[in-house]
Amino acid sequence: MHLPRFAIPVSGMLALICASAALALSAESTSRDSNEFVCASGERLRLDVTDAHARLRTDAGVFMLQSDADGRFHGADLSLVLEDGVLRLARTGTNAPSLCAQLRQRA
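Going by the working numbering, the letters in the sequence shown line up with residues 30 to 136, in that order.
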């Protein structure tokens, strides 16, 4: 039996999509704490915290940050402090940190 020419590439794409979804779901389930924030500028952020690091989703992309201390994280171009439902995000090249209020928390 002869398969159509598009069957193999389509099968490969489906396998890639399934693998990506499985990775995303497993990465999502490892977070200890998930919070959504809105900044004074209107930017929306999502912070997923585990014991050793945090994943910050911004309008610019997704950033992995290392834990300095409880509620303090840093990366190559940014650092953040999470305290009492307020996120203070400092980016390299900006003078003042962004202040962001917590919208909701998912456990």
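Virtual Cβ for every residue (Gly too), placed ideally from N, Cα, C.
This structure is a prediction, so every number in the text was calculated from the model and none was measured.
task: Determine the direct distance from the alpha carbon of ARG34 to that of GLY104, and round the result to whole angstroms.
output: 46 Å
message: Among SER63, GLU72, ARG86, whose alpha-carbon lies nearest the alpha-carbon of VAL78?
response: SER63
message: For LEU118 and LEU43, I'd like the C-alpha separation in whole angstroms.
response: 38 Å
query: Skipping 5 residues on each side, what residues in its chain have a beta carbon closer than 6 Å to that of CYS68?
result: SER127, CYS129
message: Judging by CA-CA distance, which residue of THR123, ALA89, LEU109, ASP88 is the nearest neighbour of ASP97?
response: LEU109
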